[in-house]
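Chemist:
2 protein chains.
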Amino acid sequence: MRIAQIAPLEIRVPPIAYGGTELVASLLTEELVRRGHDVTLFASGDSVTKAKLHCVCPHFLRDSDRDRGILNILNFVACLEQAERFDIIHNHTNFEGLATAGLVKTPVLTTLHNELKGDQFTLFAAYKGYYNTISRSAKDLLPDKKGFVGVIYNAVDCKSYPFHGKQGDYLLSLSRISEEKGTHIAIEVAKRLKRRLIIAGNVEAKDEKYFQQKVMAQVDGDIVQFFGEADYEQKRELFANASCLLLPITWPEPFGLVMVESMACGTPVISFNKGSASEVIYHGETGFIVEDIDEMVRAVGEIDSIDRKACREHVERNFDVPRMVNDYLVAYQRILKLETQGEVVTTLELAQATGQTIPYHSISSSTEIVKRIETVSKN
Amino acid sequence: MRIAQIAPLEIRVPPIAYGGTELVASLLTEELVRRGHDVTLFASGDSVTKAKLHCVCPHFLRDSDRDRGILNILNFVACLEQAERFDIIHNHTNFEGLATAGLVKTPVLTTLHNELKGDQFTLFAAYKGYYNTISRSAKDLLPDKKGFVGVIYNAVDCKSYPFHGKQGDYLLSLSRISEEKGTHIAIEVAKRLKRRLIIAGNVEAKDEKYFQQKVMAQVDGDIVQFFGEADYEQKRELFANASCLLLPITWPEPFGLVMVESMACGTPVISFNKGSASEVIYHGETGFIVEDIDEMVRAVGEIDSIDRKACREHVERNFDVPRMVNDYLVAYQRILKLETQGEVVTTLELAQATGQTIPYHSISSSTEIVKRIETVSKN
Numbered sequence: 058m059r060i061a062q063i064a065p066l067e068i069r070v071p072p073i074a075y076g077g078t079e080l081v082a083s084l085l086t087e088e089l090v091r092r093g094h095d096v097t098l099f100a101s102g103d104s105v106t107k108a109k110l111h112c113v114c115p116h117f118l119r120d121s122d123r124d125r126g127i128l129n130i131l132n133f134v135a136c137l138e139q140a141e142r143f144d145i146i147h148n149h150t151n152f153e154g155l156a157t158a159g160l161v162k163t164p165v166l167t168t169l170h171n172e173l174k175g176d177q178f179t180l181f182a183a184y185k186g187y188y189n190t191i192s193r194s195a196k197d198l199l200p201d202k203k204g205f206v207g208v209i210y211n212a213v214d215c216k217s218y219p220f221h222g223k224q225g226d227y228l229l230s231l232s233r234i235s236e237e238k239g240t241h242i243a244i245e246v247a248k249r250l251k252r253r254l255i256i257a258g259n260v261e262a263k264d265e266k267y268f269q270q271k272v273m274a275q276v277d278g279d280i281v282q283f284f285g286e287a288d289y290e291q292k293r294e295l296f297a298n299a300s301c302l303l304l305p306i307t308w309p310e311p312f313g314l315v316m317v318e319s320m321a322c323g324t325p326v327i328s329f330n331k332g333s334a335s336e337v338i339y340h341g342e343t344g345f346i347v348e349d350i351d352e353m354v355r356a357v358g359e360i361d362s363i364d365r366k367a368c369r370e371h372v373e374r375n376f377d378v379p380r381m382v383n384d385y386l387v388a389y390q391r392i393l394k395l396e397t398q399g400e401v402v403t404t405l406e407l408a409q410a411t412g413q414t415i416p417y418h419s420i421s422s423s424t425e426i427v428k429r430i431e432t433v434s435k436n
Numbered sequence: 058m059r060i061a062q063i064a065p066l067e068i069r070v071p072p073i074a075y076g077g078t079e080l081v082a083s084l085l086t087e088e089l090v091r092r093g094h095d096v097t098l099f100a101s102g103d104s105v106t107k108a109k110l111h112c113v114c115p116h117f118l119r120d121s122d123r124d125r126g127i128l129n130i131l132n133f134v135a136c137l138e139q140a141e142r143f144d145i146i147h148n149h150t151n152f153e154g155l156a157t158a159g160l161v162k163t164p165v166l167t168t169l170h171n172e173l174k175g176d177q178f179t180l181f182a183a184y185k186g187y188y189n190t191i192s193r194s195a196k197d198l199l200p201d202k203k204g205f206v207g208v209i210y211n212a213v214d215c216k217s218y219p220f221h222g223k224q225g226d227y228l229l230s231l232s233r234i235s236e237e238k239g240t241h242i243a244i245e246v247a248k249r250l251k252r253r254l255i256i257a258g259n260v261e262a263k264d265e266k267y268f269q270q271k272v273m274a275q276v277d278g279d280i281v282q283f284f285g286e287a288d289y290e291q292k293r294e295l296f297a298n299a300s301c302l303l304l305p306i307t308w309p310e311p312f313g314l315v316m317v318e319s320m321a322c323g324t325p326v327i328s329f330n331k332g333s334a335s336e337v338i339y340h341g342e343t344g345f346i347v348e349d350i351d352e353m354v355r356a357v358g359e360i361d362s363i364d365r366k367a368c369r370e371h372v373e374r375n376f377d378v379p380r381m382v383n384d385y386l387v388a389y390q391r392i393l394k395l396e397t398q399g400e401v402v403t404t405l406e407l408a409q410a411t412g413q414t415i416p417y418h419s420i421s422s423s424t425e426i427v428k429r430i431e432t433v434s435k436n
C-alpha cells in the first residue's frame, strides 16, 4: 500500500526524549516499511526513518521561535499536493490539516491524538475525512460525526523496554510536568507516605510558574527528588527500577503512553480514574485505578499484590507495535473499501458494513481490552 | 466573470469604523456586482453586500474570543471547496490561505494587504498562485517570486467624502493608535506649534500600554484632544474640517488608506517618507513628504500653499473605485489568459507578454502616478 504519514513538527520522529505522538507515528511508520509498504513520512528534517522523508523544515520546532501554525500547515499541504501518489494519507498533526482534507481525492485518516478545545470543535465539524480515537474515553468526548473508524490504542516497542521483575524502592512521576499531569499530587502522596519520589519530565514555558511554585519548591533531595527530562535510556532505567508509577492526572488524557511504558518494564501504575486510565490499566492486576489522594496513598501500600510479570505480559498482548499496526492496516483497508462504495459512513453503518455489532471499540482482535473495560465499568 | 472574493473575518465587510482591507474588499465586490459580474463574498455573516455571501461565522471576530487562525482557514477552504464554481478566486486574507492555493485548479490572486514577517516569508515562498501588492514600496520589500501581476493601489468611494474646500483650524491624527503609526510624534508636533491636535482611532490590546503612557498621558483637552474611534460619518467630518492630516509613520506601511480619505475631503497630508507615502501624496501639491519632526513642524507652517481642490481631484483621478476595479479586472483577465498558456510567469515575462516595458507599476492607465513617483525619486 502507498501510505503517507504526517507527523507534527514539534518534535523529531522518533523523539529523543518527550513526544508521545511522534513516538507512535515513528513505530507505525517503521513497522509499515518493515512489512513492505511504500511509506512517505512528512516530518521535521532531523527525523530518522526507513521511509521516504519529506520535510518543510530542517529541525523540529519545540525549542525554536519558528511559526508552528504556518510550518505545520505547509507540512500538511506538501502531502496533499502529492495526494495522487498515495492510497491513503494518515494524519497525526494537531488539527492543522483538518480543514483542508476535503480538497483531495485520496482518503485522509486523522488520528485524534489530543483533546479538542474551543474552535477546534468547529474545525472538527467541518472535517471531511475519516478519524479514529486512541481510547474509548476520548471518543466519548466527541460530538457524533460521520467518518469514525474505531478506537485504536497506542503502542510501544515492548522489547525495547527492560524487564527484570524486581521491585525497586522509589515511587516515580514521569511525564510532562504540569498541573494537568498532577505532579504536585504525586508529591503530596510521597510526603504522606514518607516514601522517596523521583520526578522526571520536561517543562513547557506555559507551565514554568507551576513548576517553580508547586514542584521545585517541594524538592528536598530526600523524599522529593528531581531528575530533569529523561532520555531514551534514562527513561527505561527509571521505569524498570521503580516500585510503581504515580499518575494523578487531573484531565481526561486521551491516552497516557507513559502507563504502557511503565507496565512494559513490569512496573505497575496507580492512576486517577480519568481519560483512558481504566482502559489501559487492569485494576488490581497491573495497577490500581483510584478516585482521590487517600485512595492513591492506600494503593501504594498494596502494590506488592501486583505481579510485575502480569504487567509486562499485558503490554506484550495489548499494547505492542504489531497489534497497533494490524489495527491501522485493517482501518486503511476498510476506508479504501468504503471509498469505492462512494461515501463516508457513520460508525453504525461501518459496524454494520463490517459485520460488527458493537458501535465502536479497538479495531483489532484485542477484544480482551473491551471485555475488561466492561468489567471495570460495572465495578 | 464568476469571481470569489475572500475577506478576513476580523472586521465585517464593509467595516463599521476601522478596517482598511475589509473596506477595499467591499468597494471592489460591490462595484463588480454593479458591473454585472457573478460575485461570491466569503466574509463574516454580518457583512452587507449585494454579492452572494458565504460565511463560516455569524459575526466578525475583532471583539470575540473565537480562534482567528481556525476560522480564517475554514473561510478560505470553504471557497476552495467550491473552486469549480469560479473563474478566479481573489484572496484578501492575512496569509491564511496562501499555503492551500495550489490545491485547486481555479487560479488564486492574493492581494498582499499587509507586510510579511518571519515565517510568513516561508509561506509566501511556498505559495502557488498570483499576487499583487498595493504599492511599489511594498513590492520592494518582497523577495523575487513568480506570479506577480503588478501594483494595484487601493481606492476609496470618493463621492462619499464631503468636500467644501474650506481649511479647518485643527491638526488631525486619525489611525489605529500605535507606536508604528506615530501618534506620539503627532502630539510632539502639535505641542511645538501650540496648535490644536485631534486624535481619533481605535486601540488594539497589544497597544494599550503605549496608548496609556504615550498618548492619554499627553491629552489635556486643549492642545491635545482625544476623540476615540470615529465611525463612518464622524471620520468624514473630522477629515473635512481639519487643516491637515499628520502621518508620522515609523514603519513601511504598504498603503495608508487614511491618506486618500483625507485628500478626498480636500485635506492635505504631511507624512514621514515611509512605505507608500511618496507614491500617494504629491509632494508640494497634495501635501508634504518629510523626513523628521523638524520638517513636519515646518511643513504645517506651509500648509496654506496647498490647494485643497487639487487634493480632491488627485483622489478622483487616481484613487477612486472605478480605477481600482478596472485594474483588478485587467489583472483577472491577464491571469486567465496566462492560465490558458499553462504556467505562472514572472513579472518580466508578464510585462513582455502584455507589451509593457516597465517591470511593474499600477496595472491601469494611471501612469501619472508612476510619472510622479519618478519625479519625487529624482528630487
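Just so you know, the protein sequences line up as chains S and C, in that order. Its first residue numbered 58, the first sequence is counted upward by one per residue in my numbering. Its first residue numbered 58, the second sequence is counted upward by one per residue in my numbering. Don't be surprised by glycine CBs; every beta carbon is placed ideally from N, CA and C. Fair warning: this is a prediction, and the values are worked out from it, not measured in the lab.
How far does the alpha helix (DSSP H) with C:Asp-351 in it extend, from its first residue to its last?
Modeler: Counting from 1 along the second sequence, the entry for residue 351 of chain C is found at position 294. Here the alpha helix (DSSP H) through C:Asp-351 covers 350-358.
Chemist: Out of curiosity, what's the CA-to-CA distance linking S:Ala-408 and S:Asn-189?
Modeler: To locate residue 408 of chain S, count along the first sequence from 1; it is residue 351. To locate residue 189 of chain S, count along the first sequence from 1; it is residue 132. Legend: pLDDT at S:Ala-408 = 43, less than 50; position of this residue unreliable, no value from coordinates given.
Chemist: Pull out every residue of the segment 102-123 of chain C whose Cβ sits closer than 9 Å to any Cβ of chain S, in chain order.
Modeler: Those residues of the segment 102-123 of chain C that come within reach of chain S (Cβ to Cβ, closer than 9 Å) are Val-113, Cys-114, Asp-122, Arg-123.
Chemist: Please work out which residues of its chain come closer than 6 Å, Cβ to Cβ, to S:Ala-61, disregarding the five sequence neighbours upstream and downstream, and give them in chain order.
Modeler: Sequence index remark: in the first sequence, residue 61 of chain S carries index 4 (1-based). Thr-97, Cys-136, Phe-143, Ile-146, listed in sequence order.
Chemist: What are the residues of the segment 156-177 of chain S that lie near chain C, defined by any Cβ-Cβ distance shorter than 8 Å?
Modeler: Answer set for the segment 156-177 of chain S: Ala-156, Thr-157, Gly-159, Leu-160, Val-161, Gly-175, Asp-176, Gln-177.
Chemist: Check the DSSP bridge columns for S:Leu-169 and list the partner residues they point to.
Modeler: For this step, residue 169 of chain S is matched to residue 112 along the first sequence. Looking at the DSSP assignment, S:Leu-169 forms a beta bridge with S:Thr-190.
Chemist: Return yes when the Cβ of S:Leu-229 is within less than 8 Å of the Cβ of S:Phe-296, no when it is not.
Modeler: As a position in the first sequence, residue 296 of chain S is number 239, starting the count at 1. As a position in the first sequence, residue 229 of chain S is number 172, starting the count at 1. Yes, these two residues count as a Cβ contact at 8 Å.
Chemist: If we count the other Cβ atoms within 10 Å of its Cβ and call it buried at 16 or more, is C:Lys-292 buried or exposed?
Modeler: On the second sequence, residue 292 of chain C is found 235 positions in, with the first residue counted as 1. The residue in question, C:Lys-292, is buried, as its Cβ has 16 or more Cβ neighbours within 10 Å.
Chemist: Work out the CA separation of C:Leu-314 and C:Cys-215 for me, nearest whole Å.
Modeler: Counted from its first residue, the second sequence places residue 215 of chain C at position 158. Counted from its first residue, the second sequence places residue 314 of chain C at position 257. Approximately 12 Å between the Cα atoms of the pair.
Chemist: What do you get for S:Asp-176, buried or exposed, if any count of 16 or more other CB atoms within 10 angstroms of its CB means buried?
Modeler: On the first sequence, residue 176 of chain S is found 119 positions in, with the first residue counted as 1. It counts as buried.
Chemist: Going straight from the alpha carbon of C:Ile-415 to that of C:Val-372, what length do you get?
Modeler: For the purposes of this step, residue 415 of chain C is identified with residue 358 of the second sequence, where counting begins at 1. For the purposes of this step, residue 372 of chain C is identified with residue 315 of the second sequence, where counting begins at 1. With a pLDDT of 33 at C:Ile-415, under the threshold of 50, the modelled position of that residue is not reliable, and no figure is offered here.
Chemist: Counting C-beta neighbours from all protein chains within 10 Å, is the total for S:Asp-361 16 or more, i.e. buried, or is it exposed?
Modeler: In the first sequence, the residue the question calls residue 361 of chain S occupies position 304. Result: exposed.
Chemist: Rounded to whole angstroms, how far is the Cβ of C:Ile-350 from the Cβ of C:Pro-325, which I believe are closer than 8 Å?
Modeler: Residue 350 of chain C sits at position 293 when you count from the first residue of the second sequence. Residue 325 of chain C sits at position 268 when you count from the first residue of the second sequence. With a Cβ gap of about 18 Å, C:Ile-350 and C:Pro-325 do not count as contacting.
Chemist: C:Met-134 CB to nearest chain S CB: under 8 Å?
Modeler: Counting from 1 along the second sequence, the entry for residue 134 of chain C is found at position 77. Checking the sequence shown, residue 134 of chain C turns out to be Val, not Met. Chain S contact via Cβ: present.
Chemist: Using a C-beta cutoff of 8 Å, does C:Thr-179 count as contacting chain S?
Modeler: Within the second sequence, the letter at position 122 stands for residue 179 of chain C. Taking Cβ atoms only, chain S reaches closer than 8 Å to C:Thr-179, which makes this a yes.
Chemist: For a contact meaning CB atoms closer than 8 Å, what does C:Ala-212 contact in chain S?
Modeler: Position 155 of the second sequence holds residue 212 of chain C. None at all; the shortest Cβ gap to chain S is about 30 Å.
Chemist: For the beta strand (DSSP E) that S:Arg-59 lies in, which residues bound it at each end?
Modeler: Translated into positions along the first sequence, residue 59 of chain S becomes position 2. Here the beta strand (DSSP E) through S:Arg-59 covers 59-63.
Chemist: Between which residues of its own chain and C:Asp-103 is the CB-CB distance below 8 Å, once the five residues before and five after are set aside?
Modeler: For the purposes of this step, residue 103 of chain C is taken as the residue at position 46 of the second sequence. Within the same chain, C:Asp-103 has close Cβ partners Arg-69, Pro-115, His-116, Phe-117.
Chemist: Considering only residues of the same chain and omitting the five flanking positions on each side of S:Ala-183, which have a CB-CB separation below 7 Å?
Modeler: The residue given as residue 183 of chain S occupies position 126 in the first sequence. Cβ neighbours of S:Ala-183 beyond the five flanking positions: Ala-156.
Chemist: Which residues, in order along the segment 302-314 of chain S, keep a beta-carbon less than 9 Å from a beta-carbon of chain C?
Modeler: Residues passing the 9 Å Cβ filter: none.
Chemist: Below 8 Å on the Cβ atoms is my contact criterion, and I expect C:Thr-78 with C:His-149 to pass it. Report the Cβ-Cβ distance as a whole number of Å.
Modeler: Locating residue 78 of chain C in the second sequence gives position 21, where the first residue counts as 1. Locating residue 149 of chain C in the second sequence gives position 92, where the first residue counts as 1. Confirmed, about 6 Å.
Chemist: So, at 7 Å on beta carbons, what are the nonlocal neighbours of S:Leu-110 in its own chain, with the 5 sequence-adjacent residues on each side left out?
Modeler: Stepping through the first sequence from its first residue, residue 110 of chain S is reached at position 53. Correct list, in chain order: Leu-98, Ala-100, Ser-104.
Chemist: Per DSSP, which residues does C:Lys-109 bridge with? Please list them.
Modeler: Position 52 of the second sequence, counted from the start, is the residue given in the question as residue 109 of chain C. The partner list for C:Lys-109 (beta bridge, DSSP) reads C:Thr-97.
Chemist: Which residues in chain C have a C-beta closer than 8 Å to the C-beta of S:Gly-126? List them in chain order.
Modeler: Residue 126 of chain S sits at position 69 when you count from the first residue of the first sequence. Those within 8 Å of S:Gly-126 in chain C are Gly-126.
Chemist: What residue range does the alpha helix (DSSP H) around C:Cys-136 cover?
Modeler: Position 79 of the second sequence holds residue 136 of chain C. Residues 125-137.
Chemist: Look up S:Ile-333 in the DSSP assignment and say whether it is helix, strand or coil.
Modeler: The residue you call residue 333 of chain S lines up with position 276 of the first sequence. Just to set this straight, residue 333 of chain S is Ser in the shown sequence, not Ile. Three-state DSSP puts S:Ser-333 in coil, outside helix and strand.
Chemist: Just to confirm the assignment, what range does the beta strand (DSSP E) spanning C:Gly-207 have?
Modeler: Here residue 207 of chain C corresponds to residue number 150 of the second sequence, with the count starting at 1. 205-208 is the extent of the beta strand (DSSP E) around C:Gly-207.
Chemist: Kindly say whether S:Pro-65, judged by its beta-carbon, lies nearer than 8 Å to any beta-carbon of chain C.
Modeler: Indexing the first sequence from 1 puts residue 65 of chain S at position 8. Taking Cβ atoms only, chain C never reaches closer than 8 Å to S:Pro-65, which makes this a no.
Chemist: Round the Cβ separation of C:Ile-280 and C:Leu-303 to the nearest angstrom and send it over; I've been treating them as touching at under 8 Å.
Modeler: Reading the second sequence from its first residue, position 223 is the one you call residue 280 of chain C. Reading the second sequence from its first residue, position 246 is the one you call residue 303 of chain C. About 13 Å separates the two Cβ atoms, so there is no contact after all.
Chemist: Below 8 Å on the Cβ atoms is my guess for C:Ala-82 versus C:Ala-64; work out the distance and round it to an integer in Å.
Modeler: Counted from its first residue, the second sequence places residue 82 of chain C at position 25. Counted from its first residue, the second sequence places residue 64 of chain C at position 7. So it is a contact: roughly 4 Å between Cβ atoms.
Chemist: Should the segment 156-165 of chain S be regarded as contacting the segment 123-140 of chain C, the criterion being three or more beta carbon pairs within less than 8 Å?
Modeler: Touching, yes, given that three or more Cβ pairs across the two stretches are closer than 8 Å.
Chemist: Just to confirm, is the Cβ distance from S:Glu-352 to S:Gly-332 under 8 Å?
Modeler: By 1-based counting over the first sequence, the position of residue 352 of chain S is 295. By 1-based counting over the first sequence, the position of residue 332 of chain S is 275. No, they are not a contact pair.
Chemist: If you draw a straight line from the alpha carbon of S:Phe-312 to that of S:Tyr-210, how long is it in whole angstroms?
Modeler: One-based indexing of the first sequence puts residue 312 of chain S at position 255. One-based indexing of the first sequence puts residue 210 of chain S at position 153. Cα to Cα, S:Phe-312 sits roughly 8 Å from S:Tyr-210.
Chemist: For a contact defined as C-beta to C-beta under 7 Å, what are the partners of C:Ala-183 on chain S?
Modeler: For the purposes of this step, residue 183 of chain C is taken as the residue at position 126 of the second sequence. Result: Leu-131.
Chemist: CB C:Phe-268 to CB C:Val-276, shorter than 8 Å?
Modeler: Numbered from its first residue, the second sequence carries residue 268 of chain C at position 211. Numbered from its first residue, the second sequence carries residue 276 of chain C at position 219. No; because the gap between Cβ atoms is not below 8 Å, this pair is not in contact.
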